[in-house]
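All remarks here apply to the structure that follows.
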Amino acid sequence: MSKRKSSSVSDKPHKRVRAQEEEEEVEDADVHDSDEDNHRSKQVQGAGKVVSDAGIVESITLKNFMCHSHLGPFTFGPNVNFVVGNNGSGKSAVLTALIVALGGNAQATNRGSSLKGFVKEGESSADISITLRNKGRDAYKPEVYGSAIIVDLRIARDGARTYKLKSKSGKSVSSKKEELSSILDNFNIQVNNPVSVLTQEMSKYFLHSKGEGDKYKFFMKATQLEQMREDFVYIKTTKHLTEDKVGQHSECLKDLKRKYLEKEDRYKSLSSLDEMHTKLEELQKQMAWALVAEVEKESEPMKEKLQSDKRATEKYDEKVDEWKNKVEEAEQKHRQIQEQLEGITQQIQELQPKCAELMAEVQRKNALHKSSEVPFYRCKANLRDLEKDKVQLSSRINDLKLSISQTTGAESQARMARMEQIEAELENLTHQISTLGQQIDQYQLACSRAKEEQGKMRREQQMLQRSTDANRRNLQTLESSRSNRLRRFGEHMPALLNAIQEAHKRGQFRHRPRGPLGYLISLKDPELAVAVEVCFKSLLQAFTCDNHEDEKVLQGLMARMFPPGRRPAIITSQFLSRVHDTRKRGVNHPEYPSVLQALEIEDPVVANCLIDQKAIESILLIKNRTEARRVMQGKHPPQNCFQAFSKEGDQIFTNRIYTADYTRANYLSGDVEEEIRHLQKETENLKAQANRFQQQMKKLDEDIKQNEGLLRRTHMDQKTTKDKATKLQLELTDLKNVEEPQSEDLRPLEEDLQEIVAKIASKRVKYDEARAQMAEHKAAHEAAEQEYKQHKEQINMIAEEADLKKEELSKTDQEVMKCKHHKKHYDEKRSAHLCNIQTLEGNLERKEQELQTSVAKATEICPERLEVRRAARSLDNDISRLKVKIATQQEQQGDREEVVKQYHEALGNYKNMAQQMKNLNSFIKSLDSVMNHRLQVYAELRRFLSARCKYYFDSMLAQRGYTGSMTFDHKNETLSISVQPGQGNKADLSDMRSLSGGERSFSTVCFVLSLWAITEAPFRCLDEFDVYMDMVNRRISMDMMLKVAAGQRYRQFIFLTPQSMSSLPETKIIRILRLKDPDRGPNNTQRSQDEDQ
28 MSKRKSSSVS DKPHKRVRAQ EEEEEVEDAD VHDSDEDNHR SKQVQGAGKV
78 VSDAGIVESI TLKNFMCHSH LGPFTFGPNV NFVVGNNGSG KSAVLTALIV
128 ALGGNAQATN RGSSLKGFVK EGESSADISI TLRNKGRDAY KPEVYGSAII
178 VDLRIARDGA RTYKLKSKSG KSVSSKKEEL SSILDNFNIQ VNNPVSVLTQ
228 EMSKYFLHSK GEGDKYKFFM KATQLEQMRE DFVYIKTTKH LTEDKVGQHS
278 ECLKDLKRKY LEKEDRYKSL SSLDEMHTKL EELQKQMAWA LVAEVEKESE
328 PMKEKLQSDK RATEKYDEKV DEWKNKVEEA EQKHRQIQEQ LEGITQQIQE
378 LQPKCAELMA EVQRKNALHK SSEVPFYRCK ANLRDLEKDK VQLSSRINDL
428 KLSISQTTGA ESQARMARME QIEAELENLT HQISTLGQQI DQYQLACSRA
478 KEEQGKMRRE QQMLQRSTDA NRRNLQTLES SRSNRLRRFG EHMPALLNAI
528 QEAHKRGQFR HRPRGPLGYL ISLKDPELAV AVEVCFKSLL QAFTCDNHED
578 EKVLQGLMAR MFPPGRRPAI ITSQFLSRVH DTRKRGVNHP EYPSVLQALE
628 IEDPVVANCL IDQKAIESIL LIKNRTEARR VMQGKHPPQN CFQAFSKEGD
678 QIFTNRIYTA DYTRANYLSG DVEEEIRHLQ KETENLKAQA NRFQQQMKKL
728 DEDIKQNEGL LRRTHMDQKT TKDKATKLQL ELTDLKNVEE PQSEDLRPLE
778 EDLQEIVAKI ASKRVKYDEA RAQMAEHKAA HEAAEQEYKQ HKEQINMIAE
828 EADLKKEELS KTDQEVMKCK HHKKHYDEKR SAHLCNIQTL EGNLERKEQE
878 LQTSVAKATE ICPERLEVRR AARSLDNDIS RLKVKIATQQ EQQGDREEVV
928 KQYHEALGNY KNMAQQMKNL NSFIKSLDSV MNHRLQVYAE LRRFLSARCK
978 YYFDSMLAQR GYTGSMTFDH KNETLSISVQ PGQGNKADLS DMRSLSGGER
1028 SFSTVCFVLS LWAITEAPFR CLDEFDVYMD MVNRRISMDM MLKVAAGQRY
1078 RQFIFLTPQS MSSLPETKII RILRLKDPDR GPNNTQRSQD EDQ
């Protein structure tokens, strides 16, 4: 966009004097010249004396330019200038000279393709002289040029252009094109801008073109937005080129740095031989005392180590005392448990005789119960015989009574028959009641026995289910361990080991933990797998860590992998690279191996952990149980052996034996397929046994339900029968109370019957007594048996407590062995520590002697001690290199001046290139920021100028009563102008192509004037602006331009027209320059025609 001058409206509002009268509407095209003159006089009325002061054209002189030998000088006024003349008089030559002299190119004039075409034929050169005003606050170097700047241009025949810039007095100031560019920039002169200088060809191309894109280009070119966009594109291209250049220079910089370093090495190698010899002597002195310092430095750690070891001796003593106390505590605890176990054993021994007595009492009570059953069943048989006799005798008496009844009457006979019937029914009911009582006893006994059996089977079934679940888990573990043996130790073990490996890679462990321990060992003899597993137990799944920090990290990993309560144990002990020496404390049997000898352990850390925890060097493995007992419990058990294991897993001590619950190995077995087959077979057996239990339980449930149903029915039958017997007994009593004559023949039989009844009553009493006695003996037997069971249960509970004490005693025994092992370990470490102290003292003494020798040698070389910070090896290397360098330089000494010159050149090139790279990178960064901001401002400025242009265009059209619209499409780069002559909004808008020539020219003038309003320039030139206008539009356009000129007195306007302009009013702001008619000689005719064209 054009530069905003300090003399603009916002800075100097007094320069602009706007006309007060409004333009009168033109009603008729045939207007008299006098009206036109009056109208124009009103337009310029009231204009002040404000004039342009910087950048306007004061005069132009042409010599041998185009077809003119000499034109001018033309003196221009400060405001409105009309250059009038016929075709060929030189109007276009004046405009072309203005463009060319002020820096424009030949193509911009549309009069030629190169400057040499502007030289008149037959002449060697053409001259142009232009005087520019240089006053006011915008003056350019007024102290140098004065109040005017004279621009002289000479164009040679070959097209060469030569400038001379002179002051007001004619003194030559400069001949550089750059100085002219600075002057033009200062005055904001843009001869290539069609708004500043609008030629005929430019007007035809842009303004009279029918293409909307051409009008948009004209707008962009007039407002210099097009130039800004081209500048932005150029800047972007330049930035890319600069980035490419930076990339190329980076490689060059590396080469320059390499050359500079090479030259620097050569330059540094030019030190004088004297300096090198002096440096050699200094290095030798430093070397002597450096050796002393190294000896002192070597002795310092030894002293510190010795002092530290002496202080550490107390810690070893504390450790030995600590484990000694732990041994005593463990032994004390072992003795207490041993005493408790002996007390429990004594209790069992004291309870055994009473248990035997109770057993004998049970047997005696059982014999009494059996013997009491004999009189009971004898009385029962006698009672049954008497009952039978009673029935027979009663039958006989009834027969006799029947015969008597025939004589005594039907009533007596019926009563007797009823009594006999009742007695028979009573006898039958009594027998039924007795039978039902026996059945009730049998059903109750059957139910209690079935329920007791059911409880036993339910407990066995639960144990069977637990065994089945354990077998299923073990089977799943073994099946998954086909491809990964690690899964035997738990389904989470592979994931845990992977997590440990990842954590170790990330540096979370100081030393990688080892485990599970069972996974890291293997058996030499597979038959000992059960014995080793019983020996190690849960230790097979344990892990070992070097320190407590690693233990915390491992605990965190286990917490994510394992549920609470099922995490493997962690043993923390310092990792050693060698296996403990167990030759002194280990068992060495000629026939049977120790656990340590039976295992193959590759990792010393794992071996040391098992030795520390289980003392496996002191445990024997003996396959035969009997042989193990003979070896361990004989008169002379093996030395250093405190226990042994058989292949079945039995644990044999010198004074006791514990049988193992293991039947097979879970972790260390070699043949996985055999283990799987064994487990599958065992699981099938357990399932079959479970099915049998299920069937038996079902049968027992059915029996219990059946017996309980029968028991309920029997109780109901017994109650019903007793009620029926009671009713019959009452009825019989009533019948007996009836007196009835008896026959004499029946009395003996009745007496016998009464005797039998008395015997039955007596026998029934004895029967009841025998039954009561039998029940008493049975209850006594059951009570004795219950007491025996309780006593036996008490013995079993004490035996279980004894087993727990035995297990606790075994653990305590292991703890004693462990504490003794640790005490022995620290005893050995303390002894080794004391030996190390003695060795350190000897080494320190030798080092002191060596130090005295080194000091004596160094004093001979350099009496005064030097403080040396470098190592002796480094000094020795420097001395060797310096000697070689001295020898080499003595043999070959190059040209010193040439080497120094090359070094400084390489250093300068490298620094220059590095600075250039730094500046270019900074420039690219700043350019990105500036460009982003300027692009935003560019878009905002384009929108602002478009809006202003629309506003001024509408204002210009309104002066004649036209309406119109101006539509900008910045995306597609089009400018659409629609104009409607007439009554404004009353008629529809139409494209400019539908207008007449005069109306279109008027609209074009309005467009140009609107562009004038939004752009800044010290002068504006229009060439034959009214050529296509009729009289009315020409007058209106002229009035508008004069009105604009009157309102912009700080600008200069130059109008070129073939019209006479005789109708213009005479005023100080308007100057008319009339050119002479051309010379129509034969030589000039063609040139004049070319010029006009």
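Residue numbers (the numbering used here): 28 to 1120.
Just so it is clear, CB atoms sit at the ideal spot from N, CA and C, and this is done for glycine as well.
In chain order, what residues of the same chain have a beta carbon less than 6 Å from the beta carbon of residue i, not counting five sequence neighbours either side?
{"i": "PRO380", "result": "none"}
{"i": "HIS860", "result": "TYR343"}
{"i": "THR457", "result": "none"}
{"i": "ALA655", "result": "ILE649, ALA671, SER673, ILE679"}
{"i": "TYR172", "result": "ASN161, SER194"}
{"i": "LEU637", "result": "ILE643"}
{"i": "ALA797", "result": "PRO402, PHE403, CYS406"}
Could you name the residues of the same chain whose beta carbon sits closer than 7 Å to that of residue i, not counting the 5 residues immediately before and after it, in chain order?
{"i": "LYS193", "result": "ILE177, ASP179, SER199, VAL200"}
{"i": "ASN667", "result": "ARG612, GLY613, VAL614, SER645"}
{"i": "GLU54", "result": "Since pLDDT at GLU54 reaches only 32, below the 50 mark, its modelled position is unreliable, and the value read off the structure follows with that caveat. Same-chain partners within the cutoff: there are none."}
{"i": "ASP577", "result": "PHE536, ARG537, HIS538, PRO540"}
Suppose you measure from the CA of residue i to the CA of residue j; what does that come to, to the nearest Å?
{"i": "ALA444", "j": "ALA394", "result": "49 Å"}
{"i": "LEU831", "j": "LEU623", "result": "28 Å"}
{"i": "ALA175", "j": "ILE87", "result": "13 Å"}
{"i": "LYS819", "j": "ASN682", "result": "27 Å"}
{"i": "ASN718", "j": "LEU368", "result": "42 Å"}
{"i": "ASP490", "j": "LEU713", "result": "Per the sequence shown, residue 490 should be read as Met rather than Asp. Approximately 11 Å, taken between the alpha carbons."}
{"i": "SER116", "j": "ASN213", "result": "33 Å"}
Under the three-state reduction of DSSP, which class applies to residue i: helix, strand or coil?
{"i": "GLU827", "result": "helix"}
{"i": "LYS998", "result": "coil"}
{"i": "ILE527", "result": "helix"}
{"i": "ILE216", "result": "coil"}
{"i": "MET446", "result": "helix"}
{"i": "GLY144", "result": "helix"}
{"i": "TYR190", "result": "strand"}
{"i": "ASP154", "result": "strand"}
{"i": "CYS846", "result": "helix"}
{"i": "ASP1050", "result": "strand"}
{"i": "ARG610", "result": "coil"}
{"i": "VAL178", "result": "strand"}
{"i": "PHE536", "result": "coil"}
Is residue i near residue j, with beta carbons less than 7 Å apart?
{"i": "LYS850", "j": "LYS351", "result": "yes"}
{"i": "LEU129", "j": "ILE216", "result": "yes"}
{"i": "LEU706", "j": "ASN501", "result": "yes"}
{"i": "ALA81", "j": "LYS162", "result": "yes"}
{"i": "SER151", "j": "ARG188", "result": "no"}
{"i": "GLU828", "j": "ILE364", "result": "no"}
{"i": "VAL895", "j": "TRP316", "result": "yes"}
{"i": "VAL84", "j": "PHE1046", "result": "yes"}
{"i": "ILE1041", "j": "ARG975", "result": "yes"}
{"i": "VAL354", "j": "ARG857", "result": "no"}
{"i": "LYS790", "j": "LEU413", "result": "yes"}
{"i": "MET1088", "j": "PHE92", "result": "no"}
Can you check whether the C-beta of residue i is within less than 7 Å of a C-beta belonging to chain D?
{"i": "PHE995", "result": "Although the question refers to chain D, the structure presented lacks it and comprises just one protein chain."}
Apart from the five residues just before and just after residue i, which ones in its own chain have a Cβ nearer than 8 Å to its Cβ?
{"i": "LYS330", "result": "LEU871"}
I want to know whether the region 488-501 touches the region 730-738 - three or more CB-CB distances under 8 Å. Three or more Cβ pairs closer than 8 Å define a contact, and the region 488-501 falls short of that threshold against the region 730-738.
Cβ pair count under 8 Å reaching 3, the region 960-970 against the region 306-313: no
Contact between the region 253-267 and the region 950-961 is defined here as three or more beta-carbon pairs at a separation below 8 Å; is this criterion met? yes
Contact between the region 566-579 and the region 661-679 is defined here as three or more beta-carbon pairs at a separation below 8 Å; is this criterion met? no
Examine the Cβ distances between the region 670-679 and the region 552-562 and report whether three or more of them are shorter than 8 Å. A contact exists between the region 670-679 and the region 552-562.
On the three-pair Cβ rule with 8 Å, is the region 272-280 touching the region 832-846? no
Determine contact between the region 520-530 and the region 581-590, defined as no fewer than three beta-carbon pairs at a distance below 8 Å. yes
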